[in-house]
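Student: The structure's right below; bear with me while I get my questions together.
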Amino acid sequence: MGDDKKVDVAAHAAAFLAQDDVHEPMHDKNLWAARMKRDAAAREVPEWETLRELASQIKEHTLTHLYDYLLEFESNAIKRGAKVYWARDAAEHNQHVWNILQEKNISAVIKSKSMLQEECGMTAFLENRGITVTESDLGERIQQLDDQPPSHIVMPAIHKTAEDVAQLFARTIGTDPRNTDPHYLTEAMRDNARRRFLEAGAGMTGANFAIAETGSFVVCTNEGNADIGAAVPPVHIASIGIEKLLPKVKDLGIFIRLLSRSALGTLATQYTSHFSGPRKGGELHIILTDNGRSKRLGMPDFWTSLKCIRCGACMNTCPVYRRSGGLAYGATYSGPIGIILDPTFDESRYSELPYHSSLCGSCTAVCPVKINISDQILQWRKVMAAKKYLPVSRRLAFGAAGKIFEHPQLFRSAETMASGAIRFTPDFLLYNRVLNPWGRHRELPHFAGQTFREWYLQYRAKNNEHGEQRP
Amino acid sequence: MRVGLFIPCYIDAIYPEAGIATLELLERFGLEVVYPLNQTCCGQPMANEGDQQHSAAAEQLFVDNFREFDYIVGPAGSCVKHVKLHLDAIPQSPEVLHVRERTYELVEFLHDIVKAAAFPWAYFRYKVGLHNSCSSIRGLGIALPSETMGTPFNKTARLLQMVEGLELVPMDRPDECCGFGGTFCVTDEAVSASMGIDKVHDYMRHDAEFVVSPDMSCLMHQQGIARKAGIHLKFLHVAQVLNGGPF
Ligand code: SF4
Chain A
1 MGDDKKVDVA AHAAAFLAQD DVHEPMHDKN LWAARMKRDA AAREVPEWET
51 LRELASQIKE HTLTHLYDYL LEFESNAIKR GAKVYWARDA AEHNQHVWNI
101 LQEKNISAVI KSKSMLQEEC GMTAFLENRG ITVTESDLGE RIQQLDDQPP
151 SHIVMPAIHK TAEDVAQLFA RTIGTDPRNT DPHYLTEAMR DNARRRFLEA
201 GAGMTGANFA IAETGSFVVC TNEGNADIGA AVPPVHIASI GIEKLLPKVK
251 DLGIFIRLLS RSALGTLATQ YTSHFSGPRK GGELHIILTD NGRSKRLGMP
301 DFWTSLKCIR CGACMNTCPV YRRSGGLAYG ATYSGPIGII LDPTFDESRY
351 SELPYHSSLC GSCTAVCPVK INISDQILQW RKVMAAKKYL PVSRRLAFGA
401 AGKIFEHPQL FRSAETMASG AIRFTPDFLL YNRVLNPWGR HRELPHFAGQ
451 TFREWYLQYR AKNNEHGEQR P
Chain B
1 MRVGLFIPCY IDAIYPEAGI ATLELLERFG LEVVYPLNQT CCGQPMANEG
51 DQQHSAAAEQ LFVDNFREFD YIVGPAGSCV KHVKLHLDAI PQSPEVLHVR
101 ERTYELVEFL HDIVKAAAFP WAYFRYKVGL HNSCSSIRGL GIALPSETMG
151 TPFNKTARLL QMVEGLELVP MDRPDECCGF GGTFCVTDEA VSASMGIDKV
201 HDYMRHDAEF VVSPDMSCLM HQQGIARKAG IHLKFLHVAQ VLNGGPF
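Chains as they are written, first to last, in full-length UniProt numbering: chain A, 1 to 471; chain B, 1 to 247.
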């Protein structure tokens, strides 16, 4: 993809910040509250850090033996009566879904949140073919009605205020625009969706974990809609990313303990549903989907991003994400995890994302499966710089800075020149006037009358005998 | 013990007092301190941007300047973090590895190597908001990050508490990033400024009079934000407080 399609995440973030005094402070406050609840929940578990280490090791083990575990899962799932399909990419995934629906003559599906289906652009694909797709989870439904992708992987509509939702529902499902009571709005949505559950020919879910040993999979939700979707319509289609595998049932306990505490600070999700084969009289279709995962597995610096269990903790803790809103990233995945996943789908389009981070490292420290997110962000910058995705002005700027810092004499004269100017500006650090929005929000620091080095030369000359060096 | 004094470029030019305080402080502990005159920059700005090609020469110069010292000490968490964790644009010779291993941020050097137990010359009767930089906390382990479970520790706070009169104020988000982030502060200006203003308000809510940090670069950003917003807060490098000046 060309430069014109590049996501300018910094500009989107600036727009989110500038829109009003309400959205960004609310977004920041709500997600920080989630982070605080997560801290409190983690503190209750004395072996928290050990759990993180174990989870990381289990995931790494599984990923390095993925081929075997996938085959084991497939054969066990088939034994239990499920139909298993393999999808290399989004197109194949969507085609499988379409084939199943066509074969069964299904024209309406009810779905529960799945980031993988989002990644595959499944809803648009099906709707273009005349299928009615209804999101059943509240946050997802809000986003669907507003024609927006989810902005957070656990709280898809967290960037919206109650007023936004009231306006949206008034427009789309006919509620009272002045009534912003969350209970009223939730209830209205429930009424609106219930009918669709009954009409749907298929229920679609994702999976949080798939167990090789048993061929079963687990879906963790708080609203229970995945369960209704899987239980009411006769057909259940589950889209499972190949990285969701765990070897054994006994491994699950570790992940269940980490997932919900990391996500929302709750002890467990309201529903932790295990699906082991089709229910009586029903059908279960499982689509094991790659869509770039095996390619990522082959990337030495980035493969451990496949450990991700999609808890969203890195987003909640990220000070940049909290102030940008998730939609600024222009991608399926936002926040720190998005920054390291999105470029694996399209390097050019997402080449600015790795710069949308202050590299504070909080994401790495919070991640329940110990992904070195922050290091991978820096590593992606190296890729972007080496492949020349950066704007020319920035490349030149850092080239010039590199030259200055390479030569002490040049550095001294640059310092002197800068001090001769009326004001000394921090773009001296970056060595470029192209990059100088510093002064819009910050007053410029003042250049000192005498540099440290000049002071040192005088001080050493008059004070002691160490001054054997000469400039 | 010969200590090579590493003064990052922005301290040299904008905050020489922080450099002077660092030198004087180390000498108070009887160390032989030398400032290699040919130093410029550790390569961090370029490396931070992902530009390995242009950081390589600066990194090599850094190693050439400091390879002969027992320890290299710099009053700057993020620069030291770069040297320790990310100085990898040049081949990792034994010299390079020696420099990377022996480079210390001032607080961790005083706390872990010098094992400073008192600062009898220092006196500071103010309410202080402490800003440990992200590089110092999550990169160098100067304090237990708030995300990590375990027994909390904070080396900077421990040193500051030895200064007579000094009172540390609590903060709502003690180790939230201030938004400096090196090149981030210009490439992502709006978010950076928003993070900075939130940080400054956190100090204000807790009646801090001074903000003290082992990382002057974060302070440069926060100070600029506070001044622009007309907020009266004073900013000092931790070395100035521990040394009792110069202010
Ligand atoms: S990267 Fe880690 S913290 Fe972020 S969503 Fe994935 S598992 Fe959670």
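Beta carbons are placed, not taken as given, at the ideal position from N, Cα and C, and that holds for glycine.
Under 8 Å, Cβ to Cβ, is there at least one residue of chain B near A:Pro408?
Tutor: In the first sequence, counting from the first residue as 1, residue 408 of chain A sits at position 408. Yes, contact with chain B.
Student: Starting from A:Met122, follow the alpha helix (DSSP H) in both directions and report where the run begins and ends.
Tutor: The residue labelled residue 122 of chain A in the question sits at position 122 within the first sequence. Met122 to Glu127 is the span of the alpha helix (DSSP H), which, as asked, contains A:Met122.
Student: Please name the residues in the region 183-196 of chain B whose beta-carbon is closer than 8 Å to at least one beta-carbon of chain A, in chain order.
Tutor: Correct list: Thr183, Phe184, Cys185, Val186, Thr187, Asp188, Glu189, Ala190, Val191, Ser192, Ala193, Ser194, Met195 and Gly196.
Student: According to DSSP, is B:Ile185 helix, strand or coil?
Tutor: By one-based count along the second sequence, residue 185 of chain B stands at place 185. A small fix is needed here, since residue 185 of chain B is Cys in this sequence, not Ile. The answer is helix: DSSP assigns B:Cys185 an H, G or I state.
Student: Might you give, ordered along the chain, the residues of its own chain that have their beta carbon closer than 8 Å to the beta carbon of A:Glu347, omitting 5 neighbours on each side?
Tutor: Locating residue 347 of chain A in the first sequence gives position 347, where the first residue counts as 1. Only Val383, Met384, Lys387 and Tyr389 meet the Cβ criterion.
Student: If you measure from the beta carbon of A:Lys382 to each beta carbon in chain B, is any gap under 8 Å?
Tutor: The count along the first sequence starts at 1 and reaches residue 382 of chain A at position 382. Yes, its Cβ sits closer than 8 Å to a Cβ of chain B.
Student: By how many angstroms is the C-alpha of A:Ala200 removed from the C-alpha of A:Ser107?
Tutor: One-based indexing of the first sequence puts residue 107 of chain A at position 107. One-based indexing of the first sequence puts residue 200 of chain A at position 200. Rounded to the nearest angstrom, the two C-alpha atoms are 8 Å apart.
Student: Would you grab the beta carbon distance between B:Thr156 and A:Tyr355 for me? Rounded to a whole angstrom, and I think it's under 8 Å.
Tutor: Your numbering for residue 156 of chain B matches position 156 in the second sequence. Your numbering for residue 355 of chain A matches position 355 in the first sequence. The pair is not a contact, with the Cβ atoms about 29 Å apart (cut-off 8 Å).
Student: Any heavy atom of the ligand ADP closer than 7 Å to the beta-carbon of A:Ala34?
Tutor: Judged by which ligands are present, the ligand ADP is missing from the structure shown, whose ligands are the ligand SF4.
Student: Could you give the C-beta distance for B:Ala239 and B:Pro75, rounded to a whole number, given that I count them as a contact under 8 Å?
Tutor: One-based indexing of the second sequence puts residue 239 of chain B at position 239. One-based indexing of the second sequence puts residue 75 of chain B at position 75. Right, the Cβ-Cβ distance comes to about 5 Å (below 8 Å), so this counts as a contact.
Student: Hey, B:Met216 and B:Ile11: beta-carbon distance below 8 Å or not?
Tutor: Counting from one through the second sequence, the residue named residue 216 of chain B turns up at place 216. Counting from one through the second sequence, the residue named residue 11 of chain B turns up at place 11. In this structure, B:Ile11 lies closer than 8 Å to B:Met216 by Cβ.
Student: Do A:Cys363 and A:Ser351 come within 8 Å of each other at the CB atom, strictly closer than that value?
Tutor: Within the first sequence, the letter at position 351 stands for residue 351 of chain A. Within the first sequence, the letter at position 363 stands for residue 363 of chain A. No, the Cβ-Cβ distance between A:Ser351 and A:Cys363 is not below 8 Å.
Student: With burial defined as no fewer than 16 other Cβ atoms inside 10 Å of the residue's Cβ, what is the status of A:Arg440: buried or exposed?
Tutor: For the purposes of this step, residue 440 of chain A is identified with residue 440 of the first sequence, where counting begins at 1. Classification of A:Arg440: exposed, given that the 10 Å Cβ count is below 16.
Student: Helix, strand or coil, according to DSSP, for A:Ser305 in the structure here?
Tutor: What you label residue 305 of chain A is simply residue 305 of the first sequence in a count that begins at 1. Of the three classes helix, strand and coil, the one that applies to A:Ser305 here is helix, per DSSP.
Student: Please tell me whether, using a cut-off of 7 Å, the distance from the CB of A:Ile131 to the nearest non-hydrogen atom of the ligand SF4 is below it.
Tutor: Residue 131 of chain A sits at position 131 when you count from the first residue of the first sequence. No, Cβ of A:Ile131 sits at least 7 Å from all heavy atoms of the ligand SF4.
Student: A:His274: buried (16+ other C-beta within 10 angstroms of its C-beta) or exposed?
Tutor: As a first step, residue 274 of chain A is located in the first sequence; it is residue number 274 there, counting from the start. The residue is exposed, with fewer than 16 neighbouring Cβ atoms inside 10 Å.
Student: Might you give, ordered along the chain, the residues of its own chain that have their beta carbon closer than 6 Å to the beta carbon of B:Arg227, omitting 5 neighbours on each side?
Tutor: By one-based count along the second sequence, residue 227 of chain B stands at place 227. Excluding positions up to five away in sequence, the list is empty.
Student: Just mark A:Arg453 as buried or exposed, buried being the case when its beta carbon has 16 or more other beta carbons within 10 Å.
Tutor: On the first sequence, position 453 is the one that residue 453 of chain A refers to. Buried, since its Cβ has 16 or more Cβ neighbours within 10 Å.
Student: Out of A:Leu70, A:Arg394 and A:Asn222, point me to the one whose CA is closest to A:Ser136's CA.
Tutor: What you label residue 136 of chain A is simply residue 136 of the first sequence in a count that begins at 1. Closest by alpha carbon: A:Asn222.
Student: Measure from the alpha carbon of B:Met204 to the alpha carbon of each residue in B:Phe235, B:Met220 and B:Phe153, then state which is nearest.
Tutor: Mapped onto the second sequence, residue 204 of chain B falls at position 204. Comparing Cα positions, the closest option is B:Phe235.
Student: Quick check: what's the CA-CA separation for B:Ser78 versus A:His152?
Tutor: As a working note, residue 78 of chain B is residue 78 in the second sequence. As a working note, residue 152 of chain A is residue 152 in the first sequence. Their backbone Cα atoms lie some 30 Å apart in a straight line.
Student: Alpha carbon to alpha carbon, what distance is there between A:Arg349 and A:Lys6?
Tutor: Taking the first sequence and counting its residues from 1, one reaches residue 6 of chain A at position 6. Taking the first sequence and counting its residues from 1, one reaches residue 349 of chain A at position 349. Answer to the nearest angstrom: the Cα atoms are 4 Å apart.
Student: Kindly indicate which residue of A:Val219, A:Pro234 and A:Gly224 has the alpha-carbon position closest to the one of A:Lys244.
Tutor: Stepping through the first sequence from its first residue, residue 244 of chain A is reached at position 244. Looking at the Cα atoms, A:Val219 is the closest of the given residues.
Student: According to DSSP, simplified to helix, strand and coil, what is A:Glu454?
Tutor: Mapped onto the first sequence, residue 454 of chain A falls at position 454. If DSSP states are grouped into helix, strand and coil, A:Glu454 belongs with the helices.
Student: Is the region 119-126 of chain B close to the region 327-340 of chain A, with three or more CB pairs under 8 Å?
Tutor: They do not touch, by the three-pair rule.
Student: Identify the contact partners of A:Tyr355 in chain B, using a Cβ-Cβ distance below 9 Å as the criterion.
Tutor: Taking the first sequence and counting its residues from 1, the one referred to as residue 355 of chain A is at position 355. Those within 9 Å of A:Tyr355 in chain B are Glu49, Gly50, Thr183, Phe184, Thr187 and Asp188.
Student: Once DSSP output is grouped into helix, strand and coil, what is the label at B:Ser136?
Tutor: Counting from 1 along the second sequence, the entry for residue 136 of chain B is found at position 136. Looking at B:Ser136 - three-state DSSP - the assignment turns out to be helix.
Student: Using the C-alpha atoms, what's the distance from A:Leu168 back to A:Ala162?
Tutor: In the first sequence, the residue the question calls residue 162 of chain A occupies position 162. In the first sequence, the residue the question calls residue 168 of chain A occupies position 168. If you take the alpha carbons of A:Ala162 and A:Leu168, they lie about 10 Å apart.
Student: From A:Gly330 to A:Cys120, what distance separates their C-alpha atoms?
Tutor: Reading the first sequence from its first residue, position 330 is the one you call residue 330 of chain A. Reading the first sequence from its first residue, position 120 is the one you call residue 120 of chain A. Roughly 15 Å separates the two Cα atoms.
Student: Relative to the alpha-carbon of A:Leu31, which residue among A:Tyr69, A:Asn99 and A:Ala157 has its alpha-carbon at the smallest distance?
Tutor: Position 31 of the first sequence, counted from the start, is the residue given in the question as residue 31 of chain A. When only C-alpha atoms are compared, the closest one is A:Ala157.
Student: Who are the near neighbours of B:Met195 in its chain, counting only those whose CB is closer than 8 Å to its CB and skipping five residues on each side?
Tutor: Locating residue 195 of chain B in the second sequence gives position 195, where the first residue counts as 1. Only Glu176, Cys177, Cys178 and Gly179 meet the Cβ criterion.
Student: Using the Cβ count rule (16 or more neighbours within 10 Å means buried), how would you classify A:Lys111?
Tutor: Position 111 of the first sequence, counted from the start, is the residue given in the question as residue 111 of chain A. Counting Cβ neighbours within 10 Å, A:Lys111 comes out buried, since at least 16 surround it.
Student: What separation, rounded to the nearest whole angstrom, lies between the Cα atoms of A:Ala42 and B:Leu144?
Tutor: Position 42 of the first sequence holds residue 42 of chain A. Position 144 of the second sequence holds residue 144 of chain B. A:Ala42 and B:Leu144: Cα-Cα distance of roughly 15 Å.
Student: If we call anything under 8 Å between Cβ atoms a contact, is B:Ala47 one with B:Ala89?
Tutor: Walking along the second sequence from the start, residue 47 of chain B turns up at place 47. Walking along the second sequence from the start, residue 89 of chain B turns up at place 89. The answer is yes: Cβ separation under 8 Å.
Student: What does B:Thr156 touch in chain A if you count any residue whose Cβ is under 7 Å from its own?
Tutor: The count along the second sequence starts at 1 and reaches residue 156 of chain B at position 156. Chain A residues near B:Thr156: none, gap ~17 Å exceeds 7 Å.
Student: Report the three-state DSSP secondary structure of A:Arg423 (helix, strand or coil).
Tutor: As a working mapping, residue 423 of chain A is identified with position 423 in the first sequence. Note that A:Arg423 scores 42 on pLDDT, short of 50, meaning its location in the model is unreliable and no value can be drawn from it.
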